[in-house]
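Chemist: Using UniProt numbering, the letters of the sequence shown map in sequence onto residues 1 to 277.
Every residue, glycine too, gets a C-beta built ideally from N, C-alpha and C.
Supplied in structure tokens, the structure appears directly below.
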Amino acid sequence: MSMPAKKPPFISHNIDPDDLDWVIDTDPRFYLEDTQEIIGYWTNGKLVFYRDTPVKRANPETFVYYNSLFAKDDNRCYIAGRELKRADPSRFEVLNECYATDRRTVWTTGGSFEPADADNFEVCDAGVFLMDYGNDNCREFDDGIKRTVRSIIPAGYAKDGRQVYYKNLHSEVEILPEADPTTFMSMNDGNFAKDGTHVFYEKNILPKANPATWQKLQHFYSKDDKYVYHAYWLVSEADCGSFEVVLLTSPEGWELPYGKDKNRYYRYGEAMTEVEG
């Protein structure tokens, strides 16, 4: 199911994009109350903008946007305000926060690619990297009011009848050659997934992991009936039966995540000594 298209918000004509006295990330006129996001695309009635930059050759009359990245008008398709070359606006659809397609080519923040089986290409999740601390932050705006701002970090899995794909914010699309599209399922967090044989962290296979007993914990930790993992690394010293993730308060007052079993604590998957503890 594709994302719905929306008309860009109208922001008053008296906003001058060349005026350096306003900052889009703290100007309340660019804050969307319903989604708690900063506007990506907007119009002053004459031009369409992506953040503070005019979108070249965009038609304000027909322009629609899908999320903070993807948009189109009657002649062109766009990502982050840039034209997507050779994209067909009549067939263009945005599948989630990470992937868009015209059923021939797929586009992401890392470029475009041709799926092995374009007719059966589909996304496996919402296309968002989710942080255990949450994706929201509180920010003071220029009017002195603090508002919650939601951050969208594109990352996620997709598949067709022949292959599975992964994309995060900083990489090009990766093919998972060992993944089985027929049994593949994402954990919808932008990190973990599994099929009938393997467990994946992004493009990487967790060594020895049993997908039938594997469970995601928090802060990049997971375990199955025998082993504990941090991201895709095996935490060989950990006792699986007693392992858990705990939050401990630092001297500075920060809550920090640690692994813990009956024998010791772990920081980023590394066993801590008594001195460090």
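1. Distance, Cα to Cα, Leu256 vs Glu61?
2. Per DSSP, what kind of secondary structure is Ala71 in: helix, strand or coil?
3. Around the Cβ of His198, are there at least 16 other Cβ atoms within 10 angstroms (buried) or fewer (exposed)?
4. Since I believe Asp224 is in contact with Ala209 (beta carbons under 8 Å), could you give me their beta-carbon distance rounded to a whole number of angstroms?
5. Taking the DSSP output, what are the residues bridged to Lys203?
6. Could you name the residues of the same chain whose beta carbon sits closer than 7 Å to that of Lys203, not counting the 5 residues immediately before and after it, in chain order?
7. Would Asn67 pass as a contact of Glu93 if the rule is Cβ separation under 7 Å?
8. Decide yes or no for the touch test of the stretch 153–164 against the stretch 122–136: beta carbon pairs closer than 8 Å, at least 3 of them.
9. Between Glu252, Arg264 and His170, which lies nearest to Glu244 when the distance is taken from Cα to Cα?
10. Pull up the distance between the alpha-carbon of Asn135 and that of Gly196, whole angstroms please.
11. Considering only DSSP beta bridges, list what Val64 is partnered with.
12. Is the beta carbon of Ala71 less than 7 Å from the beta carbon of Tyr41?
13. Please list the terminal residues of the continuous beta strand (DSSP E) segment that includes Pro257.
14. Are the beta-carbon atoms belonging to Leu84 and Cys77 less than 7 Å from one another?
15. Going by other Cβ atoms of all chains shown within 10 Å of its Cβ, with 16 needed for buried, is His170 buried or exposed?
Modeler: The relevant details are as follows:
1. A direct Cα-to-Cα measurement between Leu256 and Glu61 gives close to 50 Å.
2. Here Ala71 sits in strand by DSSP.
3. When all chains shown are included, His198 counts as buried.
4. Going by Cβ atoms, the distance from Ala209 to Asp224 rounds to 5 Å, so yes, they are a contact pair.
5. Residue pairing for Lys203: DSSP places it in no beta bridge.
6. Spatial neighbours of Lys203 in its own chain (CB-CB distance under 7 Å, excluding positions within 5 residues in sequence) are listed in chain order as Tyr166, Glu174 and Leu176.
7. No.
8. Judged by Cβ distances under 8 Å, the stretch 153–164 makes contact with the stretch 122–136, as three or more pairs qualify.
9. Closest by alpha carbon: Arg264.
10. A direct Cα-Cα distance of roughly 30 Å separates Asn135 from Gly196.
11. DSSP output for Val64 lists Lys72 as bridge partner(s).
12. It is a contact, given that the beta carbons lie within the stated cut-off.
13. Counting along the chain, the beta strand (DSSP E) containing Pro257 begins and ends at Glu255 to Lys260.
14. In this structure, Cys77 lies closer than 7 Å to Leu84 by Cβ.
15. Exposed, since its Cβ has fewer than 16 Cβ neighbours within 10 Å.
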